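First comes the structure, then the notes that go with it.
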Amino acid sequence: MKIFLDTANLDEIKNGVDLGLIDGVTTNPTLISKENVDFKTRIKEICDLVKGPTSAEVIGTNHMQMIEEARILASISPYVVVKIPMTEEGIKATKILSSEGIKTNLTLIFTPLQALVAAKAGATYVSPFVGRLDDISNEGMKLVEDIKKIFMNYSFQTQIIVASIRHPEHILRAAKIGADIVTVPLNVLLKIMKHPLTDIGLETFLKDWEKYKNR
Ligand code: E4P
Numbered sequence: 144m145k146i147f148l149d150t151a152n153l154d155e156i157k158n159g160v161d162l163g164l165i166d167g168v169t170t171n172p173t174l175i176s177k178e179n180v181d182f183k184t185r186i187k188e189i190c191d192l193v194k195g196p197t198s199a200e201v202i203g204t205n206h207m208q209m210i211e212e213a214r215i216l217a218s219i220s221p222y223v224v225v226k227i228p229m230t231e232e233g234i235k236a237t238k239i240l241s242s243e244g245i246k247t248n249l250t251l252i253f254t255p256l257q258a259l260v261a262a263k264a265g266a267t268y269v270s271p272f273v274g275r276l277d278d279i280s281n282e283g284m285k286l287v288e289d290i291k292k293i294f295m296n297y298s299f300q301t302q303i304i305v306a307s308i309r310h311p312e313h314i315l316r317a318a319k320i321g322a323d324i325v326t327v328p329l330n331v332l333l334k335i336m337k338h339p340l341t342d343i344g345l346e347t348f349l350k351d352w353e354k355y356k357n358r
């Protein structure tokens with residue numbers, strides 16, 4: 144399973160890259176707006192740092208605007224993946240962009256059938272938002288299970304990015320389901336490496352070693 148960081152913050156990305164665990168990055172307009180930097184410059188910086196798929200989202204709402212923006216974004220770096228909202232216009236844009244070899248990530252996916260049409264349109268990735276479904280008392284990870292089954296039934300090459308991850312349990316379930324990728328905030332990624340018994344055990348080992356050294 145690949146791990147992407149869900150952020151536009153360079154310090155967080157450097158931190159993740161230093162861990163050696165990061166395969167790519169996803170951004171969205173909200174994450175970019177928090178950084179107060181030039182959008183395209185930041186996308187280039189992220190691509191150069193991560194050297195892996197980096198999602199940058201279009202803002203246009205009709206397919207011609209989306210395609211125009213997508214071509215510009217794709218020219219920033221070969222690592223750019225154009226994030227397209229899951230709408231009728233988004234599907235039209237995806238079909239054309241995929242025929243041009245531009246990679247796409249269909250975002251704001253909330254049903255298995257949205258994922259099915261995105262895959263049929265040639266999307267490189269789909270991003271089901273599990274946390275936002277949990278927020279409205281739906282089971283976000285059930286959506287991922289359904290998409291996985293559908294993609295396997297028809298051998299779609301479209302990869303599943305589990306998005307809107309809130310806690311380690313989402314990552315565990317994604318791995319059990321066999322999702323291709325999880326995109327996670329840095330704080331959640333750091334949590335999956337921790338356990339209180341690891342800390343307690345290490346503390347005891349070090350104390351005992353001190354006693355042994357000073358015997
Ligand atoms: C994914 O590509 C999105 O950027 C992100 O996961 C959305 O997460 P949120 O629901 O925490 O905003």
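The sequence shown lines up with residues 144 to 358 when you count with the numbering used here. All residues carry an ideal CB built from backbone N, CA and C; glycine is no exception. Fair warning: this is a prediction, and the values are worked out from it, not measured in the lab.
Item	Value
From this set, Val-168, Glu-288, Ile-202, Gly-203, which residue's C-alpha is nearest Ile-186's C-alpha?	Val-168
Taking the alpha-carbon positions, what's the Pro-311 to Ile-202 distance?	31 Å
Does the beta-carbon distance from Ile-156 to Asn-248 come in below 8 Å?	no
Give a single yes or no on whether Arg-275 has its beta carbon closer than 7 Å to a heavy atom of the ligand E4P.	yes
Could you tell me the alpha carbon to alpha carbon distance between Asp-154 and Met-207, rounded to whole angstroms?	35 Å
What does a CB cutoff of less than 6 Å around Arg-309 pick up in its chain, not counting 5 residues either side in sequence?	Gly-274
If you compare alpha carbons, which of Arg-358, Ala-264, Val-180, Glu-212 is closest to Ser-242?	Ala-264
By DSSP, does Ile-362 sit in helix, in strand, or in coil?	With the chain represented from 144 up to 358, any question about residue 362 goes unanswered, as that position is not in the structure.
For the beta strand (DSSP E) containing Ile-324, name the first residue and the last one.	324-327
When we look at the beta-carbon of Asn-330 and count the other beta-carbons within 10 Å, is it buried (16 or more) or exposed?	exposed
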